[in-house]
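See structure below.
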Amino acid sequence: MSNSSSPSTRPMRLAKQGAYETMSNVLGLSRSHHKVSQSVSGNGSSVSVNPRALDEILDSNNPSVSAVAQSRSQKRKSPNDSEVVFTTPKRGRPAGRGRGRPPNRPVLDKEASLYFLIKEGKAALIQVADDWIEHYQKDADLAVMDLIQFFISSTGCKGIVTLNDIRTDDFSQLIRKMTEDFDEDSGDYPIIIAGLQWKKFRRNFCDFVKTLIKQCQYSVIYDQYLMDIIISLLTGLADSQVRAFRHTATLAAMKVMTALVEIAVRLSQSLASVSKQFETERTKQRKGNQRIEALMQKKHEYSENKDEIINMLDYIFKSVFVHRYRDSVPEIRSLCVTELGEWILNFPEHFLDDSHLKYVGWTLYDKVGEVRLRCLQTLLPLYQEEQFAPRLELFTNKFKVRLVSMVLDKENETAVLAVKLVTCMQRHFPALLVARDNEMVYELIYSVHRGLALAAGEFLLQQLFNVKTPGRTRSQQECKATNKSVIRDLVQFHKESKLHEHAAYLVDSLYDSNDLLKDWTAMTELLLHGDDKQPLDREDESLLIDIMACSVREAATGEPPIARSVNKKYVTQKEHKQVQDDQARLTEHFAEHLPVLLQKFTANQRDLENLLTIVQRFNIEVYGAAHYLNHLNALVKCLEEIFERHADEELLGTCSRTYECLCSEKLPVHVRPLVTGSTLIDLTMLKLRQEIQQFNTVDGALDEEDIVTLITSMRRIEALHQCHDLSKWDVWDLIFPIVKQRQEYAVPPNPEMMRLSVKTCYWSLLWALKAIADGQSFEDSIPKLKQQFQQFCTCCRELMESPVNETAEMAYLILCDLLLIFGWSLPERNEELTALVFEADQSLEDQLEQFVRRKVFVDDAAQAGDVTDEEAEIVKTHRRRIYLAAFCKLVVFGVVTVASAVHIFKNYVTFQSDFGDIIRVLLNRCRESDKMGWAKTMIRALCALYQETVSELDPENRDKISDAIYVVHELAKRFAMSFGSDPTKTREAIVTLHREGIDFACAADLNTATGKAPRDLPFLEALNELSNRLLKQDKRIVLNYLNRHFSGVRVGVDGEWQPLITYRNSLVESEDEAALMPPPPLPPPLISATVNKGQVPPPLSLTPSMKTILKPDVSSPFVPVAASSFLTRRTARTGTTVDTLMEVDFEEELLFEIFYVSFAVVQLNGFLAKMENQRRFWKKILHGNEKPEERPRRLASNGGEWSISKMENK
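The sequence shown maps to residues 1 to 1210 in full-length UniProt numbering.
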C-alpha cells in the first residue's frame, strides 16, 4: 500500500515512515512489505522486514529521524534487533492471535459491544475499561476494531467496521464508507438527542473515554499503536462533512485530551517528587548509591513519558481543536472552549500562555450567546486565581475592550459573568479601566435583572469604595469610621446617578455583598450629628433617609423590589431566621432613635414618609419592655403633631397606616392604652363636623381660606378612614349629603371636596360591609347598606359624566371597585350577604364602556402634534392603564359581559405598546371563563375594526380595501395566538368565530343573479389568519358552511373574488374536498344564436359511455354540479330521457356553458387523457354535421370573438 499524506495518518509513526521507505529501497523491498507479507515464488513463505531492526539501522545512519522515533526505538529492543528477520511486523503491538488468517468480521454479540454497555449503563465504566484493556492485550486488532465500532456507533451510524478497515495507515476509506451508510435525514444523533436516556449516554460516553485513557496510562498507552489508532480515527472523523461524525469525534477528542492532561499533571507531580528525592540523595554523597541510580532511571522514565503525553496533546490540539473551535455548529465551538478552560486550569504550565488563550479571546466575538457564555466561564476561574494574574496581563490588555463591552451583552447570564470578570480584572490591574469603563458597569446597578445588579454592586464596592471582604480583624471604632465614610460616598454616588426615585434598587444591588447597609447606627449618627470631615447638606440627608428606609424594608421582609422579584418557591429556615434577627435588631435601634429623627425632619414631607415606613417594619412586641414605653409615647405624640401640621394626602395616608400598625393586636395589652387613648381621631372628627356645619349653613359660600381648611380636614378623615373604622362617628351621614345634594348648593362644592367626599363614602361602605361579614352588625344593617350602596352608585354614575376630569375619573374607579366587591362572588364569604349582590344592567355596562373609549383609547399625539412632554405622557399612560385595568377586572370576574370588551379587543394592535399586556391577560382569562362569548367578542371586534377602516376610505379607493385592512390582519394574528396550544379545548369557539365571520362577509349585496362580489368580501382575507387554528374535521365543516353561502352564485376569478378563493384554499385539506368547490366562473354569453323551436336537430346516436356521462344521478368527474343540475331540470320539464335528449330544443348558449364547465373540471382533476373524447362529444352536440369551413362565418355573424378552435386545440 502506498504511503498516504493525509492529515489523519497515525501521528506516532509519521517520523518513521519516510525512513522505512528509504530502507526498503536499499533492501529491494516494496512498501507493501511493511504492512502485509508477500508470497515468495515457489515456497509460499512470507518475507518481512523487522521494523525494530530498521530502527537501529536508521538511528545510527540517518540523522533526519525525529526525536520521537529515536526515543521510542530505545524502549523496545528485541534481543536480535540488528538482523533482518522473516516475520510478521509487530510495530510495538502486544502478542497477536497466532497463525491463520482471521475472518474480516467475527460474529459480535450486540449486548457485549462497548456501545451497548455504555448506552445501557448497566456495568461500571472502570470495569468495562479494564475488560477492554485485557482484551486488547490478548488480541489488539479485535479490541481496536471494537473500540472503533464504538465510536462509529456513537455517531448514530449503522455501519459495520471490519478488520480490513483498520489495516491501513489512515481511515479515509473507512470514513468514506461510513458516510455512505449514514442516514442524515433526521438530523439527530445520540449525543444531542433529547431525553434522559440519551443525556445519560452522553455523560457515560464522556466518562468512558476519559476512564479508558486513564486506565491505560500504566500499560498500553505508550505502545505506539493504541493512541495512534484513536488519534488518527478521531482526527479523520472530526474533519468529516457529516455533522454527527464531526461533533461526536470532537467530543471524544476533547475528552481524550482532558484525560491526557490529568495524566500529564500526575506525571509532573511524580517527576517533581522524584527530582526532589534525587537531589536529597545526591547531597548525602554516598559512593555507589543504588538508590540514586534507581531515582535517576525513574526520573528519566517520567520525563520521557511526560514528553510523549505532551506530544500527543500538541498533536490533538493542532489537528482537532484548532479546526473545530471555529466550527459552524455552535455546540462544537462551545465544547472546544469549555474543554480548553479545563486544560488551562489543570495544566497551566503548558496551556496558560497567549498561544492558547488567544483562541478564547477570538471566540469572545461569537454571534451565539451560548458560545460567549462558555468563553467567560472559561476565563473567570483563571482571573480568580491570584497566581495566574501575571500570565494573563498580555491577554487582558489585548482583549480589554471586548471584555468590558460584554457587560452590556443582550444575554443576561453572559452579562453577569462579564461584570464578575471585569471586577477580577480591576482587582488585579487597578490602572486598567478608565472612567468610561467604570460608568458602563455602574449603570447596571439599577438594572431590573437582579443577578446583573448584584454583580455590578460588587464592582461598585470594590472600585469606588475599595471595600474588600473581611480579612484582618478590625476594631469596632475603626469599622464605624470606615462605614461612615463609605455611606457618605454611597450617598454621593446615588446623588450623581440622578435616579433618586430608585434607591430601593441601589440598596438591593449592594445588600447581599456587604453588611454596610445594615449599619443603621452609622446612618443615624450621620443624620443626627453629621460628619466633621465632610458634613451632609440637605439633599444628602434626604437621600440617606431614603436609602436607610429601603434597607430597613429589605431587612424586615427579605424581598427585593417588585421588578426584581425572584421565583423562589420557599424560604429556607436559615433565611427566615436571618430576617427575624434583622427585624429585631432594627426595631431595637429605631424604637429609640426614630422619634428624634421625626422631630428633626418634621418640616420635610418626603423625609417623614420614609421615616414613618420604618415603623411599619417593626416587631411591635418589642414595646412590651419597660424601657421602651417612653419611646412609644414619644412616637405617638410625633404622629399627632404630623397630622396637625401637614395636609399632604400621601403623608397623611402613610401616617394613618403607621398608626394602624401601632394599634395592632400584637402590641402588648399593658401598653395598648398609650396608643388607643390618643385623641387623634376625636379631635380631627370634631373639627371636620364643625366645618361641614358651617359649609351647610352658608349654602357652600365659604371664602377661600375656609375652603382650604375644610379640604384639609376632609383629607385627614379620609386618610384615617382607610385604616380605621369610623362608623361610630357617623361619617356617612356627615359626608354623603355633600355628594347627593351637590347641585342644590348655591355655590357648588369644590372638585377636590367632591373627590374626597366620594372616597370617604367609599371607605364607609366597605367598613359597613366588613362589619356585616364579621357578624358585628344589627338587624337593619343589610337593608341600610343596600340602600346606601344603590344611592352611592347612582351618584357615581352621574359624576362620571362630570366635565371635571378628576371627579369623573375618581367616580369611575370607585364604581368599578364597588361593582366588583358587591358582585356575584359576595355570598361566597357569608350567605347573609346574598341580598347585597348587585348586577350591572346594560345601560351601566354601556356607560362604563363609553368612559373607557373616551379616557383610554385616545391618541394624544395626533391631537397635540409632535410637541409632547415625555414625562407628562408617561403619567397619562399610567392613569389610562389604571382605568383600563379596572374595567378589565369587571369583565374577567363576570360583573359585565364579555361582549362589552369589543372596543378593547379592537384596539389590541393599535395600542399594543401601551396596553398590550393588559389586553393579552384579558383575552386569556376570558377564554378560560367563557369560550363562546370570548370567540364572539373577537369576531365582533374584527368586524368593527374592518368597518371602521373601510369607512375611512374614499369611495373612489374602494378597490384598495385589501391593502388598507392590514391592521385587521394583524389583529386576527394576535387573536390566533391567544387560542393556546391545545386546539381541542377551543374547537367549538373557533368554529363559531369562522361562521360568524362568513355571515358578516356575505351579509350585504350577495346577489346570485348578477355575480357581483359582496361588499365586505375582503374581510375573509383577515379571517384567513385564523384558519390554521381549525382542526382538520372542523375545516370541512366551515368549508361546507361557506359553500352553502355561495351556492348558485357565479363566482369570478377577478380581483374582487380573490378573498373568497384565498380563504377557501385555506380550508381545503385534500383534492376530495376541492371537489366540493362551487362551480368555476362562467363566461359571459358569447353565442346568441339559438335553435328555433320546431326545428329539431339531426338525431345523434349516443354511445353507452356518453349516456353514462350525461346521467345526472351518476357521480362522474366529467360532469360538474351545474351541468348535472341543468340536465336534471331539462329532462324533468320535458319529460324526456337521456336517449332522446337531443330531440329537445336546446339553447346553444347554455350548451356551450356546460361544455366550458366540464372542460374546466377536467383540467382541475387531471383527466387530460380523456380530453379528446370530450371535445368530440361536445363538438357533435354543438355543431352537428356543420362543416369546419362554415364555422368561422357563423361565429362572426353572431358576434362571437372567442375562438372555439383555440379551446379545441388545447
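Where a beta carbon is used, it is the ideal one built from N, C-alpha and C, also for glycine.
Open item on the list: With H, G and I counted as helix, E and B as strand and the rest as coil, what does DSSP make of C216?
Closed with: Coil.
Task: Alpha-carbon spacing of K985 relative to R940, whole angstroms - done: Each residue's alpha carbon lies about 21 Å from the other.
Task: Where N696 sits in the DSSP three-state scheme - done: For N696, the secondary structure class from DSSP, reduced to helix, strand or coil, is helix.
- [ ] Could you tell me if I562 is buried or exposed, where buried requires 16 or more neighbouring beta carbons within 10 angstroms of its beta carbon?
- [x] Under this definition I562 is an exposed residue.
Task: Among V322, E1025, F347, I735, the one whose alpha carbon lies nearest that of I309 - done: Closest option to I309, Cα to Cα, is F347.
Task: G653, DSSP secondary structure in three states - done: Under the three-state reduction of DSSP, G653 is assigned to helix.
Task: Nearest residue (CA-CA) to L226, options T235, C655, I213, L237 - done: Nearest Cα to L226 within the set T235, C655, I213, L237: I213.
- [ ] Under the assumption that I191 contacts H247 (Cβ atoms under 8 Å), give the Cβ distance between them as a whole number of angstroms.
- [x] Going by Cβ atoms, the distance from I191 to H247 rounds to 7 Å, so yes, they are a contact pair.
- [ ] Determine the DSSP secondary structure at N1043, reduced to helix, strand or coil.
- [x] The answer is helix: DSSP assigns N1043 an H, G or I state.
Task: Buried/exposed call for A626, threshold 16 Cβ in 10 Å - done: Around the beta carbon of A626, a 10 Å sphere encloses fewer than 16 other beta carbons of the protein chains shown; the residue is thus reported as exposed.
Open item on the list: Please state whether the Cβ-Cβ distance between V902 and D930 is less than 8 Å.
Closed with: Not a contact, by the Cβ cut-off of 8 Å.
Open item on the list: Would L890 and L820 qualify as a contact pair, given that the criterion is a beta-carbon distance under 8 Å?
Closed with: Result yes, Cβ atoms of L890 and L820 sit closer than 8 Å.
Task: Residue of I874, Y883, T949, I133 minimising C-alpha distance to S913 - done: When the alpha-carbon of S913 is set against those of I874, Y883, T949, I133, the nearest one is in I874.
Open item on the list: Tell me which residue opens and which closes the alpha helix (DSSP H) that P748 is part of.
Closed with: Neither: P748 is in no alpha helix (DSSP H) and is coded neither H nor E.
TODO: Write down every uninterrupted run of the beta strand (DSSP E) in the region 844-902 whose length is 3 residues or greater and which is fully enclosed by it, in chain order.
DONE: Correct list: empty.
Task: Through-space distance from V852 to G823, alpha-carbon basis - done: When rounded, the separation of the alpha-carbon atoms in G823 and V852 is 20 Å.
TODO: Assuming F208 contacts L125 (C-beta within less than 8 Å), just tell me the rounded distance between them.
DONE: Contact between F208 and L125 holds, since their C-beta atoms are separated by about 5 Å, short of 8 Å.
Task: 8 Å CB neighbourhood of residue 1216 in its chain, flanking five on each side removed - done: Because the chain in this structure spans residues 1 to 1210, residue 1216 falls outside the shown range and cannot be described.
Open item on the list: Looking only at its chain, what residues have a beta carbon closer than 8 Å to the beta carbon of A453, apart from the 5 residues adjacent to it on each side?
Closed with: Closer than 8 Å at the Cβ level, and outside the excluded window around A453, lie L444, I445, Y446, S447, Y505, D508, S509, R564.
Task: Boundaries of the alpha helix (DSSP H) in which H356 is found, first to last residue - done: Where H356 is concerned, the enclosing alpha helix (DSSP H) stretches over 354-363.
- [ ] Mark V571 as exposed unless 16 or more other C-beta atoms lie within 10 angstroms of its C-beta, in which case mark it buried.
- [x] The residue is exposed, with fewer than 16 neighbouring Cβ atoms inside 10 Å.
Open item on the list: If I measure Cβ to Cβ from I998 and keep anything under 8 Å in the same chain, skipping five residues before and after, which residues do I get?
Closed with: Closer than 8 Å at Cβ, skipping near neighbours: L1020, L1023, V1038, Y1041, L1042, H1045.
TODO: For E370, collect the residues of the same chain with a Cβ closer than 7 Å to its Cβ; drop the 5 residues on either side in sequence, then sort them by chain order.
DONE: If we look at E370 and ignore the five residues flanking it on each side, its Cβ neighbours are P330, S334.
- [ ] Using beta-carbon positions only, say whether S542 and N604 come within less than 8 Å of one another.
- [x] A Cβ-Cβ contact shorter than 8 Å links S542 with N604.
Open item on the list: Looking at K299: is its Cβ nearer than 8 Å to the Cβ of V274?
Closed with: Judged by their CB atoms, K299 and V274 are nearer to each other than the 8 Å cut-off.
Open item on the list: Going by DSSP in three states, I487 sits in which element: helix, strand or coil?
Closed with: In the structure shown, I487 sits in a helix (DSSP, three-state: H, G or I).
Task: Contact check, A264 vs L234, beta carbons under 8 Å - done: Cβ distance not < 8 Å, so A264 and L234 don't count as in contact.
Task: Expected contact under 8 Å - CB spacing of P1014 and I961 to nearest Å - done: With a Cβ gap of about 12 Å, P1014 and I961 do not count as contacting.
Task: Neighbour-count burial assignment, S1066, 16 or more Cβ in a 10 Å radius - done: Buried, because 16 or more other Cβ atoms sit within 10 Å of the Cβ of S1066.
Open item on the list: Buried or exposed for E718, going by 16 or more other Cβ atoms inside 10 Å?
Closed with: When all chains shown are included, E718 counts as buried.
Open item on the list: Let me check understanding here. Comparing Cα to Cα, which of E801, A811, S757, F789 lies closest to L836?
Closed with: The shortest C-alpha separation from L836 is found at F789.
TODO: State buried or exposed for G156, treating a residue as buried only when at least 16 other CB atoms are found within 10 Å of its CB.
DONE: Buried: at least 16 other Cβ atoms inside 10 Å.
- [ ] Please name the residue, chosen from S355, T794, H529, that lies closest to A840 on a Cα-to-Cα basis.
- [x] Ranked by Cα distance from A840, the first of S355, T794, H529 is T794.
Task: Residue of P748, G624, I681, D648 minimising C-alpha distance to H670 - done: Taking only the C-alpha atoms, the option nearest H670 is G624.
Open item on the list: Going by DSSP in three states, L260 sits in which element: helix, strand or coil?
Closed with: Here DSSP, grouped into helix, strand and coil, assigns L260 to helix.
- [ ] Within its chain, find whatever has a CB closer than 7 Å to the CB of K158; leave out the 5 residues flanking it on each side and keep chain order.
- [x] So the list reads D181, once near-sequence residues are dropped.
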